[in-house]
Amino acid sequence: MTDKPAPILSDRYVLIVDDEPFHLRLVHKIVSNLGYSHILTADSGLTALQVIDKDTTNRAVELIITDWDMPDMSGLELLNEMRHARSRYELPIIMMTAHKSGDVVSEAVRQGADCVIFKPFSAATLKEKIIIARSREHKPEESQ
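Mapping of the sequence shown onto our numbering: residues 105 to 248, in sequence order.
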């Protein structure tokens, strides 16, 4: 009998954004092992926006896990675009970063990140951050 964890999301999509193929594959594997079956990936913030723009219902993508440091559009710029320009306050967003600085965390939270996770991280830590991010009430005033 397999003791696979019950999925936190069943019919919604997780969008993973990272310019490093290794990290995309690693996070994809962790998220898949947590029971998620609908996983999208993007190698840049701009590509992530294109994925979001194709979601005309604003409901299929229910969680974004994005890297901070990417070319063309950083994770912070993606976060700012989602929260402020597109008013997607309800969408849980987790920021991944190798920058272990309180300033990084403060800036990400100020821009509207639900959680920040430091690379490298374990599957258990990512699962914990997903649960925290999805449990928050998302209101416009929280992200401004």
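For glycine and all other residues, C-beta sits at the position ideal for the given N, C-alpha and C.
Taking each of T229, K233 and V165 in turn and checking the Cα distance to L153, the smallest one comes out for V165. The stretch 199-232 is shown to contain whole beta strand (DSSP E) runs of 3 or more residues at 219-222, in chain order. Counting along the chain, the unbroken beta strand (DSSP E) around D171 starts and ends at V165 to D171. In the DSSP assignment, the residues bridged to V118 are I143 and L167. With distances taken between CA atoms, Y193 lies nearest to G216 out of G216, S239 and S141. I143 and D157 have their C-alpha atoms some 16 Å from each other.
Spatial neighbours of D176 in its own chain (CB-CB distance under 8 Å, excluding positions within 5 residues in sequence) are listed in chain order as S148, G149 and L150.
S178 and M186 have their C-alpha atoms some 12 Å from each other. Looking at the DSSP output, I234 shares a beta bridge with no other residue. Beta-bridge analysis with DSSP links I197 to I168.
In this structure, the CA atom of F126 is about 10 Å from the CA atom of H132.
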